[in-house]
Amino acid sequence: MNYSDLEKLRISASLTTNAAEFHGLISSRLCFGIDNFEDLTLEDSSDDRSVTSIQIQEFNDAFLKMLNEAKDHFKKGGFNFEPLLPSDSEPIEYRALALASWCQGFVDGYGMSVAELEIEIKKLGDGEAAEIIEDFAQISTLDSNSISDEQDEEIAFMELVEYVSVSVQLLYEDFRGYKNES
Numbered sequence: 002m003n004y005s006d007l008e009k010l011r012i013s014a015s016l017t018t019n020a021a022e023f024h025g026l027i028s029s030r031l032c033f034g035i036d037n038f039e040d041l042t043l044e045d046s047s048d049d050r051s052v053t054s055i056q057i058q059e060f061n062d063a064f065l066k067m068l069n070e071a072k073d074h075f076k077k078g079g080f081n082f083e084p085l086l087p088s089d090s091e092p093i094e095y096r097a098l099a100l101a102s103w104c105q106g107f108v109d110g111y112g113m114s115v116a117e118l119e120i121e122i123k124k125l126g127d128g129e130a131a132e133i134i135e136d137f138a139q140i141s142t143l144d145s146n147s148i149s150d151e152q153d154e155e156i157a158f159m160e161l162v163e164y165v166s167v168s169v170q171l172l173y174e175d176f177r178g179y180k181n182e183s
């Protein structure tokens with residue numbers, strides 16, 4: 002399932018969290034070995050009367066498919082993980098904002114995982130992993146005013162996506178044992 006398809010389902014289900022942020026959230030939790038996402042699937046509690054249970058279920062089905070694809074990426078290893086983002090044919094501003102949302106979801110998932118597994122932050126250390134989380138928090142603050150549609154921005158964006166991809170795989174290697182320790 003690609004970003005565009007998942008976004009269409011999200012919009013039809015009247016959800017506010019975009020597909021990139023959902024993917025960042027589940028990716029972070031998978032890094033800690035958390036693979037139960039029942040708390041993240043949605044119930045038909047929308048106040049929007051035009052939204053039906055079918056639309057919510059379609060999104061949930063797509064969400065679970067996205068979850069399984071993310072699990073497979075981690076299991077394969079070899080740094081083949083990629084954040085779920087809009088296609089390269091979309092404007093750089095749109096893709097950069099999606100990357101910011103993805104990183105926000107990842108940071109949120111990190112916090113949820115640390116709390117759920119009752120991990121002391123100091124136990125995670127202040128090394129490379131802490132630096133990556135701080136970088137993701139910085140990336141999550143990108144806004145449309147900080148991005149221009151120039152060739153240099155495209156190259157910088159591609160490098161940023163590559164950094165995020167490799168960093169997530171490194172965090173997966175570092176964090177996946179924490180679930181077993183709790």
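Residues in the sequence shown are numbered consecutively from 2, following our numbering. We put the CB at the ideal spot given by N, CA and C, even for glycine.
Rounded separation between residue i and residue j - CA only
i      : j      : result
MET113 : GLU151 : 37 Å
TYR4   : ALA21  : 7 Å
TYR164 : PHE158 : 10 Å
LEU10  : ILE57  : 8 Å
GLU119 : GLY110 : 14 Å
THR142 : ILE93  : 16 Å
GLY34  : VAL167 : 18 Å
LYS66  : LYS123 : 34 Å
PHE64  : LEU7   : 8 Å
GLU129 : LEU161 : 17 Å
Classification of residue i by the beta-carbon crowding that lies within 10 angstroms, buried from 16 upward
i      : result
ALA71  : buried
LEU68  : buried
ASN37  : exposed
SER145 : exposed
SER54  : exposed
ASN19  : buried
GLY78  : exposed
Alpha helix (DSSP H) segment containing residue i, residue limits
i      : result
MET67  : 54-77
ALA1   : Outside the modelled stretch of the chain, which goes from 2 to 183, sits residue 1, for which no answer is possible.
LEU143 : Here LEU143 belongs to no alpha helix (DSSP H), and DSSP marks it neither H nor E.
MET159 : 152-176
ILE120 : From DSSP, ILE120 is part of no alpha helix (DSSP H); its letter is neither H nor E.
Heavy atom of the ligand FAD within 8 Å of residue i beta-carbon
i     : result
GLU70 : As far as ligands go, the structure on display features none, and thus does not contain the ligand FAD.
Assumed close pair residue i, residue j - CB separation to whole angstroms, cut-off 8 Å
i      : j      : result
ILE148 : GLU155 : Not confirmed; about 10 Å, so no contact.
Problem set entry | the region 85-92 contacting the region 134-142, beta-carbon criterion three pairs below 8 Å | Proximity of the region 85-92 to the region 134-142 falls short of the contact definition, fewer than three beta-carbon pairs being nearer than 8 Å.
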